[in-house]
Amino acid sequence: MSQENIYKPYLMRIESIAEEAPFVKTFRLKFVNEEDANNFTFKTGQFGEYSVIGEGESTFCIASSPTKKGYIECTFRQAGKVTSALYRRDIGDIIGFRGPYGNIFPIDEWKGKNLLFIAGGIALPPMRSVIWNCLDLRENYKDVTIVYGAKSVADLVYKEELREWDHRPDVKLITTVDPGGETPDWKGKIGFVPTVLSQEVTTSDNTIAIVCGPPIMIKFTMPVLEKLGFKNEDIYTTLENRMKCGFGKCGRCNVGKVFICKDGPVFTLKQMKDMPDEY
Amino acid sequence: MNIENKILKQTSLEKLVVKLKEEGKQIFAPVKKNDVVEFAGISTLQEMAEDYIVTVQSAKAFAFPKVETLFDFQLTKENVNIVEKDLNAIPETILLGARPCDAAGFESLNAIFTWDNLNDNFFVERLKKMIIIAISCSKADGRCFCTSVNGNPGATKGSDILLTKIDNGNYLAEIITEKGKAIATKYADLFETAPEVDKNKFIADVPVKFDLKTILEKIPGAFENSLWVKQSLRCISCGACAYVCPTCACFDIQDIHNGHDGHRKRSWDSCGFGLFTIHTSGHNPREVQSQRWRQRVMHKFAYMPERQQVVGCVGCGRCSRGCPVDMNLKEHLINLAEEVAK
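Protein chains in written order, with numbering that gives the first Met the number 0: chain D, 0 to 278; chain X, 0 to 341.
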């Protein structure tokens with residue numbers, strides 16, 4: 000395989016499509032080639048390059064958990080050329096996928112800990128993989144708390160799964176929408192994620208925090224966590240930067256000497272504090 | 000392997016070009032056209048430019064083309080068919096008259112394209128099929144600074160054979176690699192036994208302008224230095240520096256198709272462009288030009304040395320010659336060395 004083409008995607012067939020929120024869809028993808036399916040493994044936190052062949056590639060996380068075998072899922076919002084082309088695909092259509100790339104959430108190191116997941120808007124997908132991975136190995140972890148917020152009720156993604164988590168006795172789910180984003184029958188909180196977090200979470204004891212959201216949410220969430228006593232090395236996030244290759248060659252995702260694609264996308268706050276402010 | 004010294008007469012070099020051409024190899028050399036010297040295909044030595052410092056564009060395109068196809072594809076209603084390129088079909092290419100800085104540039108590119116043993120075989124295979132017969136520089140200009148970045152107008156690194164023009168129009172031929180040796184052995188009648196030659200007498204004098212060690216040591220800590228803003232105020236974000244650079248490897252990937260079939264292509268890109276890092280949301284990690292200038296310099300002098308153990312600059316000066324607003328990298332590095340040494 001000395002001449003392997005590292006840019007050649009796997010072909011994947013769209014098995015099912017879920018409409019998550021306005022302009023947000025989840026694709027369940029299966030390998031067209033059985034041999035590819037058998038050889039493929041990934042770990043939670045990794046990402047890939049998804050493409051509509053003819054339109055180009057786009058970078059998203061793998062939104063499903065490695066514990067769910069036989070398929071991968073991606074969730075994306077229609078925004079640019081490639082995601083618009085993806086958005087128009089139907090069940091049965093073939094798309095390209097390269098990956099998995101990047102590092103992982105170290106869930107083995109988290110055994111015996113409480114887990115606090117904090118996500119905002121379209122940033123739940125990268126966290127959904129690790130949430131399900133931990134829920135499928137539920138006995139390894141103590142309390143599991145999920146704080147999830149979006150602009151409006153309509154913008155909350157994975158509504159089915161939110162209901163499921165809400166009903167599970169072994170998961171504490173707190174959902175919130177920005178003020179003005181509520182509907183008359185909204186039962187969750189109203190307020191921004193950092194505010195709701197400071198009201199609902201009172202301890203950092205034996206807890207790992209996993210945070211993912213828009214830069215503004217991250218910015219205001221970190222001080223709340225630090226105030227709760229979380230150590231920088233116990234706060235994890237997954238970063239995204241524009242990418243083309245996914246493996247450290249195209250030269251655009253680096254933050255200082257750190258390549259998001261190779262060294263990340265998963266970083267602790269401790270690692271991020273050593274990085275220049277260019278992400 | 001040990002470097003072997005031979006003498007190659009001008010007439011022997013002429014014959015060598017003809018022989019290599021007869022073998023079916025493609026030969027590229029600096030050719031003067033409309034007062035601009037660029038690499039172009041030649042069949043005889045006479046076509047090669049005689050008087051040049053360096054070509055405007057570097058030699059990198061021979062291993063990393065400006066635009067290249069990563070694969071072809073055919074689209075039908077039901078299916079997608081990916082057709083891969085046959086990398087074995089890449090022809091053997093001779094690069095004659097490249098400069099030692101051109102040859103050295105491939106080492107930096109190679110470090111990126113083979114980083115952590117993940118090979119970009121488009122680059123790797125092209126480089127494998129390339130034979131570099133470089134010619135030492137007998138002249139330099141004010142933009143040259145190879146000696147400040149571990150280089151030399153007569154350096155052998157990266158070349159398979161290095162020719163240095165000595166008295167009587169003859170060349171000293173240093174046979175550097177197995178690839179070079181294969182040619183020298185095959186055409187042994189053209190490569191004559193060499194007397195002792197002091198090569199340094201025949202190469203350009205390029206004074207050392209700054210202390211690379213200081214830059215490499217101090218620049219990683221200079222991220223917040225105000226010099227980045229000062230130096231880049233005039234930058235117009237045209238990207239010319241990256242396009243002429245022998246070590247700039249950043250690229251874009253785009254698809255083109257006509258509805259039935261098409262190609263996934265990669266093309267050169269530049270960290271100097273504002274859109275290079277912009278997110279779909281509109282957020283841009285490098286919003287202003289000074290951040291992009293800093294990225295360009297720090298990538299070459301801080302990130303590559305740390306991550307790939309090579310310096311990402313060979314001191315050819317092309318970026319300074321190609322810059323429409325006269326940003327002179329050598330001068331900026333001199334200032335930077337002074338500033339970071341404080």
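Even for Gly, the Cβ is constructed at its ideal location relative to N, Cα and C.
Beta-carbon contacts of residue i that lie in its chain and below 6 Å, excluding the five residues immediately before and after
i               : result
P284 of chain D : Look at the range of chain D in this structure, 0 to 278, and you will see that residue 284 of chain D is not part of it.
L10 of chain D  : V31, I93
Y6 of chain D   : none
F144 of chain X : K208, G314, K329
N327 of chain X : S319
L115 of chain D : T144, T206, A208
E56 of chain D  : E48, S50
F300 of chain X : I214, I218
K8 of chain X   : N169
R233 of chain X : V324
D140 of chain X : I52
Start-to-end residues for the beta strand (DSSP E) that takes in residue i
i               : result
L69 of chain X  : 66 to 74
T267 of chain D : 265 to 267
Y100 of chain D : 93 to 100
S50 of chain D  : 46 to 51
L28 of chain D  : 23 to 30
S15 of chain D  : 9 to 20
G119 of chain D : 113 to 119
P29 of chain X  : 25 to 32
R76 of chain D  : 71 to 76
E83 of chain X  : 79 to 83
S57 of chain D  : 55 to 60
Supposed close pair residue i, residue j - CB separation, criterion 8 Å
i               : j               : result
G98 of chain D  : G47 of chain D  : 3 Å
I93 of chain X  : I130 of chain X : 5 Å
E239 of chain D : Q290 of chain X : Not a contact, Cβ separation roughly 18 Å.
K24 of chain D  : Y100 of chain D : Not really, about 22 Å apart at Cβ, beyond 8 Å.
K29 of chain D  : G69 of chain D  : 7 Å
S151 of chain D : I61 of chain D  : So it is not a contact: roughly 27 Å between Cβ atoms.
L227 of chain D : S203 of chain D : 5 Å
A248 of chain X : S269 of chain X : About 11 Å separates the two Cβ atoms, so there is no contact after all.
A102 of chain X : S42 of chain X  : In fact, because the Cβ distance is near 23 Å, the residues do not count as touching under 8 Å.
L155 of chain D : T174 of chain D : 7 Å
Cut-off 7 Å between Cβ atoms - residues of its own chain near residue i, not counting five sequence neighbours on either side
i               : result
V309 of chain X : E106, S107, A110, M303
M0 of chain D   : Note on M0 of chain D: pLDDT 43, under 50, position unreliable in the model; the coordinate value appears next. Here the set comprises nothing.
N231 of chain D : T267, L268, K269, K272
C211 of chain D : A118, A122, P125, M126, T236, T237
A97 of chain X  : A58, I131, A133
Q307 of chain X : A110, I111, W114
K18 of chain X  : Y186
Enclosing alpha helix (DSSP H) for residue i [first to last residue]
i               : result
P214 of chain D : 214 to 226
Q198 of chain D : 192 to 199
R88 of chain D  : Element bounds for R88 of chain D: n/a, residue is neither H nor E.
K212 of chain X : 211 to 217
A181 of chain X : 177 to 185
I130 of chain D : 123 to 134
Where residue i meets chain D, residues with beta-carbon distance less than 9 Å
i               : result
T276 of chain X : N240, R241, R251, C252, E277
C312 of chain X : Ordered by position in chain D, no residue passes the 9 Å Cβ test against C312 of chain X, which lies about 15 Å from the chain.
A301 of chain X : G255, K256
Contacts of residue i in chain X (Cβ-Cβ under 9 Å)
i               : result
Y6 of chain D   : L69, F70, D119, F121, I252, R263, R265
L268 of chain D : Result: empty, since nearest Cβ-Cβ is about 18 Å, beyond 9 Å.
E3 of chain D   : N118, N120
G120 of chain D : None at all; the shortest Cβ gap to chain X is about 10 Å.
F229 of chain D : In chain order: nothing, as chain X lies at least about 25 Å away.
G79 of chain D  : T279
Chain-ordered chain X contacts of residue i [CB-CB under 7 Å]
i              : result
E56 of chain D : I252
F59 of chain D : Those do not exist, as F59 of chain D stays about 11 Å from chain X at its closest Cβ, beyond 7 Å.
Contact list for residue i against chain D, beta-carbon separation under 8 Å
i               : result
C270 of chain X : G250, R251
F222 of chain X : G255, P275
L74 of chain X  : I52, G53
E83 of chain X  : N4, K7
C249 of chain X : C249, G250, R251
Own chain, CB closer than 8 Å to residue i, minus 5 neighbours either side, in chain order
i               : result
S236 of chain X : G271, F272, G273, Q288, R291
F70 of chain X  : I81, V82, E83, K84, H262, R263
I2 of chain X   : T155, E173, I174, I175
K128 of chain X : I89, P90, E91, T92
Per-residue contacts from residue i into chain X (C-beta, under 8 Å)
i               : result
P214 of chain D : H282
F96 of chain D  : Going along chain X, no residue has its Cβ under 8 Å from F96 of chain D, so there is no contact; the nearest lies around 12 Å.
Where residue i meets chain D, residues with beta-carbon distance less than 7 Å
i               : result
V79 of chain X  : L10, I52, I93
F112 of chain X : K248
task = Enumerate, from N- to C-terminal direction, the unbroken alpha helix (DSSP H) stretches of 4 or more residues contained entirely within the region 250 to 337 of chain X.
result = If we require 4 residues or more, the alpha helix (DSSP H) runs fully inside the region 250 to 337 of chain X come out as 288 to 297, 303 to 307, 317 to 321.
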